[in-house]
Structures are given as C-alpha cells and as structure tokens.
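So for the sequence shown, the numbering used here puts the first residue at 553; every next one is plus one.
Below you'll find the structure, written out as structure tokens, and then a few comments.
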Amino acid sequence: MRGVAPGTAPGSPCGGPALITLVPLDEPALARLLDAAVAGADPLEVMPPVTGPPGWTAARRAAFLAFHRGRSLDPSTAVERTWVVDVDSAAVGAARLERHGDAVEAGLWLSRAARGRGVGREVTRLLLAEARTSDAARFIASTTPDNHGARSLLAGLGAVLTTEGDEVAAVLRLRP
Ligand SMILES: CC(C)(COP(=O)(O)OP(=O)(O)OC[C@H]1O[C@@H](n2cnc3c(N)ncnc32)[C@H](O)[C@@H]1OP(=O)(O)O)[C@@H](O)C(=O)NCCC(=O)NCCS
Numbered sequence: 553m554r555g556v557a558p559g560t561a562p563g564s565p566c567g568g569p570a571l572i573t574l575v576p577l578d579e580p581a582l583a584r585l586l587d588a589a590v591a592g593a594d595p596l597e598v599m600p601p602v603t604g605p606p607g608w609t610a611a612r613r614a615a616f617l618a619f620h621r622g623r624s625l626d627p628s629t630a631v632e633r634t635w636v637v638d639v640d641s642a643a644v645g646a647a648r649l650e651r652h653g654d655a656v657e658a659g660l661w662l663s664r665a666a667r668g669r670g671v672g673r674e675v676t677r678l679l680l681a682e683a684r685t686s687d688a689a690r691f692i693a694s695t696t697p698d699n700h701g702a703r704s705l706l707a708g709l710g711a712v713l714t715t716e717g718d719e720v721a722a723v724l725r726l727r728p
C-alpha cells in the first residue's frame, strides 16, 4: 500500500511530499522495524511491558522480535497482519490490522522523528482502505484519553470516540 504525506516528513529534506509505503512484515522487514523502534521509540509505546531495567535491553529486543513473530509471522499463532511503515524507503514505524469478530482493529506507532508530520494520518487512511477490502463491518481502534494525536487521527476519519476510564474506543462503520 502506498500514499503520500504532505510537506516535511523524514526523508524529504526539501519539503516535498514523502512517499509512504506499507511493507508487509517478513524477517528482513522485522529487522528494520527493530532498528527503527530502538532508534526512535520507547519500548512501552511499541510492545507489551518486559520487566528489567529501562530502555532497549537485550531482553526487550528479543521480546520485540518474538512478539511480532508470534502475532504475525508464524502461521500457527498469527492473529494480525503487520506492515512496516516506510517513509521514502526508511522504516519509521509499524501498522497492523487484527480481526475481532465482525470488526477489524487497527494499530499504529511511529518513531519520534516521524510524528506530527501527517504520516499517521496517511497510514491510517491506508489501513482504512485495506479494511474496506475485507468483509468486516466495523473499523475499530483504542487509545488513551491523553493521546491527542491518536484521538485526532481517529476522529478525523469520522470514527465515533467513546471514553470509558482510561480507554478511548473508536468505531467507524464500514458498511450500512
Ligand atoms: C499517534 C500517532 C500514530 C499519530 O501519528 P502522527 O503522524 O504523529 O499524526 P499526524 O501528524 O498525522 O497528525 C494527525 C492529527 O493529530 C494531530 N496531532 C498529532 N500529534 C499531536 C499531539 N501530540 N497533540 C495534539 N494533536 C496531535 C495533528 O494535528 C493532526 O490533526 P489535524 O489533522 O486535525 O491537524 C503518533 O504520534 C505515534 O506513533 N505516537 C506514539 C505511539 C502511539 O501513541 N500510537 C497510537 C496508540 S493508540
């Protein structure tokens, strides 16, 4: 899947539109994704908690790889499709779609340098287009009340947002 973000996304030093590509996860893409996560994201933003000292310890790097292999790459355990978000061929994050009954759940993280530049909006648009090719009835996502970027992205798509405690649930109907 391909799209463009306006302006100054990473890799577009002259300020032209950046080419955004969603690359299906495989082992080479997973290695690039780990590098992007280590370089520009906090472990808690991109994977479940792992006990131990803070930062990208060897245990957390191994857990990150195991997490994606289990959820996407190993056909016997896979529950979701994951893509590496490339901006002008450089990995900057991950996007995913997971089926839950009649709904498809979207998830996304970007490295710090790629945030706030329109990449998330374009990736979300690509995920929604992909979801529309399935027979799912609803596009759903969840975030936290303090995640203004994610809330703005989801509201901008036309999703209905409902806050309950520390969770914001977003729902967008895909068909009447
Ligand atoms: C949340 C995230 C995916 C948003 O992607 P992004 O590329 O930064 O967002 P965009 O630049 O496309 O901006 C989308 C909208 O959010 C707004 N926005 C982005 N960051 C924001 C922030 N920190 N505070 C307030 N609004 C913000 C933008 O203004 C824009 O709104 P607009 O179109 O109405 O002007 C990204 O910041 C991220 O990966 N964060 C860390 C991981 C995470 O929180 N993932 C989501 C978990 S549910």
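For glycine and all other residues, C-beta sits at the position ideal for the given N, C-alpha and C.
Values in this document were obtained by computation on a predicted structure and should not be read as measured data.
For this session: Can you give me the start and stop residues for the beta strand (DSSP E) that valine 720 sits inside?
Result: 719–725 is the extent of the beta strand (DSSP E) around valine 720.
Exercise. Who pairs with valine 639 in a beta bridge, going by DSSP?
Worked result: In the DSSP output, where bridge partners are listed per residue, valine 639 has Ile572 and Ala642.
Problem set entry | Distance cut-off 6 angstroms: valine 590 Cβ against heavy atoms of ligand 1 | Checking the Cβ of valine 590 against ligand 1 gives no.
Problem set entry | Backbone secondary structure at leucine 706 - three-state DSSP | Three-state DSSP puts leucine 706 in a helix.
Problem set entry | Contact set for leucine 582: own chain, Cβ-Cβ below 6 angstroms, skip 5 residues either direction | Here the set comprises His620.
Problem set entry | From Ala593, Pro595 and Ala646, residue whose alpha carbon lies closest to that of proline 576 | Ranking Ala593, Pro595 and Ala646 by CA distance to the CA of proline 576 puts Ala646 first.
For this session: Have a look at the DSSP bridge pairing and note the partners of phenylalanine 691.
Result: According to DSSP, residue pairing for phenylalanine 691 in a beta bridge involves Val656 and Leu724.
For this session: Spatial neighbours of threonine 573 within its chain, please: CB distance less than 6 angstroms, with the 5 preceding and 5 following residues excluded, ordered by chain position.
Result: Within the same chain, Cβ atoms closer than 6 angstroms to the Cβ of threonine 573 are found at Arg554 and Asp638, the five residues on either side in sequence being excluded.
Exercise. Per DSSP, which one or two residues make a beta bridge with threonine 715?
Worked result: The partner list for threonine 715 (beta bridge, DSSP) reads Val720.
Problem set entry | Residues that valine 556 bridges to, as DSSP identifies them | Looking at the DSSP output, valine 556 bridges to Leu571.
For this session: Specify, as a first and last residue, the run of the alpha helix (DSSP H) that proline 606 falls within.
Result: Judged by DSSP secondary structure, proline 606 falls outside any alpha helix (DSSP H); it is assigned neither H nor E.
Problem set entry | Residue environment, serine 686, which counts as buried when at least 16 other CB atoms sit within 10 Å | It is exposed - the Cβ of serine 686 has fewer than 16 other Cβ atoms within 10 Å.
Problem set entry | Cβ separation of glycine 592 and alanine 665, assumed to be a contact under 8 angstroms, to the nearest whole Å | That pair is a contact at about 6 angstroms.
For this session: Could you check which residue in Thr609, Leu596 and Leu678 has the C-alpha nearest to that of alanine 658?
Result: Per the Cα distances, Leu678.
For this session: Tell me arginine 648's beta-bridge partners as DSSP assigns them.
Result: Note: arginine 648 sits in a beta bridge opposite Thr634 and Gly659.
Problem set entry | DSSP-derived helix/strand/coil call for alanine 665 | Of the three classes helix, strand and coil, the one that applies to alanine 665 here is helix, per DSSP.
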